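Trainee: Just so it is clear: in the sequence shown, position 122 is 147 by the working numbering, and no numbers are missing.
Beta carbons: idealized from backbone N, C-alpha and C, even for Gly.
Just so we're clear, the structure is a prediction, and the values are computed from it rather than from any experiment.
Here it is: the structure, laid out below.
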Amino acid sequence: MNLLLINADQLRHDCVGYRGLRNVKTPALDRFAAESVVYRRAFTPLPVCAPARQSILCGRHPDSFGAQWNYDFMPTPTVQPEWSWVRQLEDRGYNTAYLGRFHVSPTLKPCDFGYREWVSWAGHKQLLKDKYPDAQYTGGWLGCESPIPVEDSGTHWMADRAAEMIRKYAADGKPWHIWVDYEEPHLPCRPSAPYSTMYDPKEIEPWAGFGDSFEHKPYIHKQQTLSWDTASLTWEEHFAPMVARYMGVISQLDNAVGRILDALRETGQLENTIVAFTSDHGDMCGSHQMLDKHYVLYEDTIRVPMMVRVPGVEPCVTDEFVMNTLDLPASFIDWLGLDRPEILHGRTLPLSAEIREDARRHVVCTGNGQQFGLYSTRMIRDDRYKYVWNLTDVDELYDLESDPGEKVNLIAEECHQARIADMRVKLFHELKAHGDRFVGSDWIQRQLLHGKKHLGASFEN
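Pasting the structure below:
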């Protein structure tokens, strides 16, 4: 059995057509979703680029080995080669290839983790240097139209390399595993024509979280808008055009992914290949007047699209809670008959719509800031409520049913205190189980186990 993993970068869960939540055109992914198990409630354990990828390689929560943020921002521990499940494939005669930026280690390469071949972005950078030496980009982090024709864009250049690799491995006859790791739709979004004008900003409605007053919110939330200089930006003039470009890049990426999937079909390997599609995390993309993903644990960043096509498994949609970077490696190990490591934090993914008896009743995500200073947060979310533990600031509680935009912090409401206490204890046990260092000391444990938290200046009259 072959294995193809396609990973996007900062793709929101609500910005794929098959979810039916936003008018984003993704015909290739929609077609593939109709053949797959679609996970509507998939989350990332830590919404930052490198830790998410490191987690995929070993199936461990990033907190457990100290990968709290991107190592290229500030040195931080990373996944060790001997933890990689891919090395088992290499030992069993698989052809293995990694395509994309290897945002996993500052010194180690894909070959150290079991990938025999690596197609980096160096070839595409050389193509741009040779053919478009005078290409200019404007718009800063809000993006612009790309001057590069779509056929020479990064999305399509990498898709063609992936298709070539699939055809090469098909001819070789050995089982194979390919990981295609995209950089899109990470900001700044620069779609090529015709995708650059596919969406009219005037027709794009604000996210549910837009227009946040930050009343009774942790300090870092409003500070994020000041650090990025987005506090004074308007939806009509600034954010809507940016979101239009974001959606354009997604449609462009979809077209590229379609080429990869077509190569599977054309080589007759679709029915002998497990195919998984997901994203490392989401993107604020103007929600709460923010960009990128740091410091906050809103649904915008922690929730991800995910689907898996397993030959012989009937397509379906499930609402079971899943953790993408933890459950995908656990599933690959089980489905391919590999040796299961003792330390594995994920679960094998469900392959039917029925919610299993031992299904998760909540998910836990963590964050540690990065760009403008370190700021630790931990979150637990169930079917309706989300509790966020801010270790050095006021906590958060949101009713996702009545407040899907997470604008109203209910942490001080008397009617929710029993719920908050219960969620804090559950969060403590989850963090302890996956080796989070922050719950290892008595004076920090008091916050979760004994409610030793004050509301802070944000709640003072």
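Would you identify the three-state DSSP class for His459, choosing helix, strand or coil?
Mentor: Residue state, collapsed to three classes: coil.
Trainee: Can you tell me whether DSSP reads Asn297 as helix, strand or coil?
Mentor: Helix.
Trainee: Relative to the alpha-carbon of Phe235, which residue among Tyr244, Thr255, Pro216 has its alpha-carbon at the smallest distance?
Mentor: Ranking the options by Cα distance to Phe235, first place goes to Thr255.
Trainee: Put Thr417 into one of helix, strand or coil per three-state DSSP.
Mentor: Coil, per DSSP.
Trainee: Buried or exposed: Leu30, going by 16 or more other Cβ atoms within 10 Å of its Cβ?
Mentor: The residue is buried, with at least 16 neighbouring Cβ atoms inside 10 Å.
Trainee: Can you name the start and end residues of the alpha helix (DSSP H) that Gly273 belongs to?
Mentor: Here the alpha helix (DSSP H) through Gly273 covers 265-291.
Trainee: Within the continuous alpha helix (DSSP H) that includes Met183, where are the two ends?
Mentor: Taken as a continuous stretch (DSSP letters only), the alpha helix (DSSP H) holding Met183 covers 179-197.
Trainee: Between Trp166 and Leu316, is the Cβ-Cβ spacing less than 8 angstroms?
Mentor: For Trp166 and Leu316, yes; Cβs fall inside 8 angstroms.
Trainee: Using 10 angstroms around the beta-carbon of Ala59, count the other beta-carbons present and answer buried if the total reaches 16, otherwise exposed.
Mentor: Under this definition Ala59 is an exposed residue.
Trainee: At the level of alpha carbons, what is the spacing between Lys451 and Lys457?
Mentor: The alpha-carbon atoms of Lys451 and Lys457 are separated by roughly 10 angstroms.
Trainee: Relative to the C-alpha of Leu480, which candidate in Phe463, Ile436, His246, Ala446 has its C-alpha closest?
Mentor: Looking at the Cα atoms, Ile436 is the closest of the given residues.
Trainee: Which residue spans inside the stretch 29-85 form an unbroken beta strand (DSSP E) run of at least 3?
Mentor: As far as the stretch 29-85 is concerned, its whole beta strand (DSSP E) runs of at least 3 residues are 62-64.
Trainee: Taking 8 angstroms as the cut-off, decide whether the C-beta atoms of Ser217 and Ser178 are in contact.
Mentor: In this structure, Ser178 lies closer than 8 angstroms to Ser217 by Cβ.
Trainee: How is Phe138 classed by DSSP in three states: helix, strand or coil?
Mentor: Of the three classes helix, strand and coil, the one that applies to Phe138 here is helix, per DSSP.
Trainee: Quick one: Cα of Arg385 to Cα of Arg47, how far?
Mentor: Near 27 angstroms, if we compare the C-alpha coordinates of Arg47 and Arg385.
Trainee: Considering Cα atoms alone, identify which of Asp55, Asn32, Glu291 is closest to Leu82.
Mentor: Looking at the Cα atoms, Asn32 is the closest of the given residues.
Trainee: Which of the three DSSP states is assigned to Asp451 in this structure?
Mentor: In the sequence on display, residue 451 carries Lys and not Asp. In this structure, Lys451 counts as helix in the three-state DSSP scheme.
Trainee: Is Gln470 close to the ligand ATP? I mean its beta-carbon at under 7 angstroms from any heavy atom of the ligand.
Mentor: With respect to the ligand ATP, the structure offers nothing, as it holds no ligand at all.
Trainee: Below 8 angstroms, how does it come out for the stretch 113-132 and the stretch 420-433: are there three or more Cβ pairs, yes or no?
Mentor: The stretch 113-132 vs the stretch 420-433: no contact.
Trainee: Any contact of the stretch 152-169 with the stretch 195-211, i.e. 3+ C-beta pairs under 8 angstroms?
Mentor: Too few Cβ pairs lie closer than 8 angstroms, so no.
Trainee: Considering only DSSP beta bridges, list what Gln249 is partnered with.
Mentor: None, per the DSSP bridge assignment.
Trainee: From the DSSP output, read off the bridge partner residues of Ser304.
Mentor: Its beta-bridge partners are Ala33.
Trainee: So, under 8 angstroms CB-CB, His306 and Thr69 are touching, yes? Tell me the CB distance rounded to an integer number of Å.
Mentor: With 8 angstroms as the limit, His306 and Thr69 qualify as a contact, their Cβ atoms being about 5 angstroms apart.
Trainee: Quick one: is Asn280 buried, meaning 16 or more other Cβ sit within 10 Å of its Cβ, or exposed?
Mentor: It is buried - the Cβ of Asn280 has at least 16 other Cβ atoms within 10 Å.
Trainee: Less than 8 angstroms between the CB atoms is what I'm expecting for Ala92 and Gln105, so what's the real figure, rounded?
Mentor: Contact doesn't hold; Cβ gap of about 11 angstroms is too wide.
Trainee: From the DSSP output, in three-state form, read off Gln93 for me.
Mentor: Three-state result, Gln93: coil.
Trainee: Do you know whose CA, among Ser257, Leu251, Arg270, lies nearest Pro219's CA?
Mentor: Ranking Ser257, Leu251, Arg270 by Cα distance to Pro219 puts Arg270 first.
Trainee: Which two residues bound the contiguous beta strand (DSSP E) that contains His202?
Mentor: Where His202 is concerned, the enclosing beta strand (DSSP E) stretches over 201-206.
Trainee: Using the beta-carbon count (16 or more within 10 Å), is Phe453 buried or exposed?
Mentor: It counts as buried.
Trainee: DSSP three-state label for Cys310, please.
Mentor: Coil at Cys310, not helix or strand.
Trainee: Just to check my reading of the structure: Ile275 and Thr51 have Cβ atoms closer than 8 angstroms, yes? What is that Cβ distance to the nearest angstrom?
Mentor: Contact holds; Cβ gap of about 7 angstroms.
Trainee: Buried or exposed for Ala160, please, with buried defined as at least 16 other CB atoms from any protein chain shown within 10 angstroms of its CB.
Mentor: Exposed, by the Cβ-count rule.
Trainee: Can you say whether Leu322 is buried or exposed, counting buried as having 16 or more other CB atoms within 10 angstroms of its CB?
Mentor: Result: buried.
Trainee: Pull up the distance between the alpha-carbon of Leu278 and that of His86, whole angstroms please.
Mentor: Answer to the nearest angstrom: the Cα atoms are 28 angstroms apart.
Trainee: Cβ of Met404 within 8 angstroms of Cβ of Tyr410?
Mentor: No; because the gap between Cβ atoms is not below 8 angstroms, this pair is not in contact.
Trainee: Put Gln395 into one of helix, strand or coil per three-state DSSP.
Mentor: Looking at Gln395 - three-state DSSP - the assignment turns out to be strand.
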